[in-house]
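Enquirer:
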Amino acid sequence: MHDGKYYRYRIDSTKGENDTYEDISGLVHFINRLQHPLVVLNTEESIARFLDESKEVEETTGFLKKGPIALGSHHTKLKFKTRVLVFMFDKSEYEAEMRMIREAGRVNAQRLSVRMGLVEDPKLIRLYKARYGNKWFNDEVQLSSLVVQRFDKQ
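Numbering (this note's numbering), first residue to last: 4 to 157.
(1) Give me the DSSP bridge partner(s) of glutamine 152.
(2) Could you have a look at valine 60 and say whether DSSP puts it in helix, strand or coil?
(3) Look at serine 2 and methionine 103 and say whether their C-beta atoms are less than 8 Å apart.
(4) Using three-state DSSP, classify leucine 146 as helix, strand or coil.
(5) Evaluate glutamate 98 with the Cβ neighbour count: other Cβ atoms within 10 Å of its Cβ, from every protein chain shown; 16 or more gives buried, anything less gives exposed.
(6) Among Gln152, Met101, Ser57, Leu127, which residue has its Cα nearest to the Cα of histidine 39?
(7) Using the Cα positions of serine 28 and valine 150, report the straight-line distance between them to the nearest angstrom.
(8) Between which two residues does the alpha helix (DSSP H) harbouring aspartate 37 extend?
(9) Leaving out five residues before and five after methionine 119 in sequence, what residues of the same chain have Cβ atoms less than 6 Å from its Cβ?
(10) Looking only at its own chain, which residues have a Cβ that is under 6 Å from the Cβ of valine 117, when we skip the five neighbours before and after it?
(11) Straight-line CA distance for arginine 153 to histidine 32?
(12) Nearest CA to the CA of serine 76: which residue from Glu59, Glu48, Arg52, Lys68?
(13) Let me check understanding here. Comparing Cα to Cα, which of Lys156, Glu123, Gln113, Leu121 lies closest to leucine 74?
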């Protein structure tokens, strides 16, 4: 339960399933993702690490005070991995959207294959807008965007 809402934690020991937790590390990640549905990304390096699907997203939140708990083989066995990158230039202008994005992160908390990241630094947002243009941003003036990248295992 988080903020008065219940979120289902599914335990499924079926091998080969894409979005299931099989041990305590999964439960810890689930709770962490309920409390912190978005990974805060504040450097180019953190964005690059976040988008590198070959490596597990390193969770560094107040909930995991002793350091990240690795998912290990659960992460490497995934058939696909999805990264959602949220560029939010002016959070105050998009309060309702941010609530919906956080809720989407909580609803997807049990899915190992999906992780959402948030970029709020205006300099970084402008840098990525210049780098990716209309591929990642809607038009010439828009500075807030949501980018979804799915990586399929070969």
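Even glycine gets a Cβ: it sits at the ideal position worked out from N, Cα and C.
Expert: This is what the structure gives:
(1) Answer is Arg86.
(2) In the displayed model, valine 60 falls within coil according to three-state DSSP, outside both helix and strand.
(3) The structure shown has nothing for residue 2, since the chain only spans 4 to 157.
(4) Under the three-state reduction of DSSP, leucine 146 is assigned to coil, being neither helix nor strand.
(5) The residue is exposed, with fewer than 16 neighbouring Cβ atoms inside 10 Å.
(6) Ranking Gln152, Met101, Ser57, Leu127 by Cα distance to histidine 39 puts Met101 first.
(7) In this model, serine 28 and valine 150 are separated by some 28 Å (Cα to Cα).
(8) For clarity, residue 37 is leucine in the given sequence; the question names aspartate instead. Bounds of the alpha helix (DSSP H) holding leucine 37 are 27-38.
(9) Taken in chain order, the residues that qualify are Leu41, Val87, Gly108.
(10) The answer, listed in chain order, is Thr85, Asn111.
(11) A direct Cα-Cα distance of roughly 20 Å separates arginine 153 from histidine 32.
(12) For the residues Glu59, Glu48, Arg52, Lys68, the minimum Cα distance to serine 76 belongs to Glu59.
(13) Answer by Cα proximity: Gln113.
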